Amino acid sequence: MSISDALREAGAKPAGKRPYFMTPEVERVLAITMAVAQELAVARQRNDTLERLLAAKGILAAGEIDAFAPDANAAAERALWTQEYIARILRIVQQENEAAVLADDVASEDVGEEISRDA
4 MSISDALREA GAKPAGKRPY FMTPEVERVL AITMAVAQEL AVARQRNDTL
54 ERLLAAKGIL AAGEIDAFAP DANAAAERAL WTQEYIARIL RIVQQENEAA
104 VLADDVASED VGEEISRDA
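Numbering follows the numbering used here, with no gaps: position 78 of the sequence shown is 81.
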């Protein structure tokens, strides 16, 4: 998978405008914060699992993780992951920029209001 493919997939969104329940600014900050919180929770759980498994098997000594220095390949893989991670966290900003280009996109809340008026 190329970098552009990975970044595009990380920012994929459903069709239609994003519905807002608070101000757009509050929604943006909340969405970014929750994306970071979700990523951190998953990373902490996986890291804890790995450290416990390695310690239980006598493979990992105390301090080895902190002393690790990645080689060039690992550093490049980490850099790609970081770009994908930032794309996921800032997904709402990307979607709002895309929505500005697609000004005629219909929000589900607008459709609901129109249906209720016609009923």
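Idealized CB from N, CA, C, for every residue including glycine.
A quick note: this is a predicted structure, and the numbers were derived from the prediction, not measured.
Residue environment, residue i, which counts as buried when at least 16 other CB atoms sit within 10 Å
| i | result |
| --- | --- |
| residue 6 | exposed |
| residue 62 | exposed |
| residue 89 | exposed |
| residue 95 | buried |
Nonlocal neighbours in the same chain, by C-beta distance under 6 Å from residue i, ignoring five residues either side
| i | result |
| --- | --- |
| residue 9 | 87 |
Nearest to residue i (by Cα), restricted to the options the options
| i | options | result |
| --- | --- | --- |
| residue 97 | 56, 31 and 54 | 31 |
| residue 27 | 84, 102, 54 and 48 | 102 |
| residue 35 | 114, 46, 91 and 99 | 91 |
| residue 42 | 116, 84, 55 and 114 | 84 |
| residue 67 | 76, 54 and 79 | 54 |
Opening and closing residue of the alpha helix (DSSP H) in which residue i lies
| i | result |
| --- | --- |
| residue 37 | 27 to 59 |
| residue 92 | 75 to 92 |
| residue 70 | 67 to 70 |
Same chain only: Cβ atoms within 8 Å of residue i, ignoring 5 sequence neighbours per side
| i | result |
| --- | --- |
| residue 113 | 20 |
| residue 25 | 33 |
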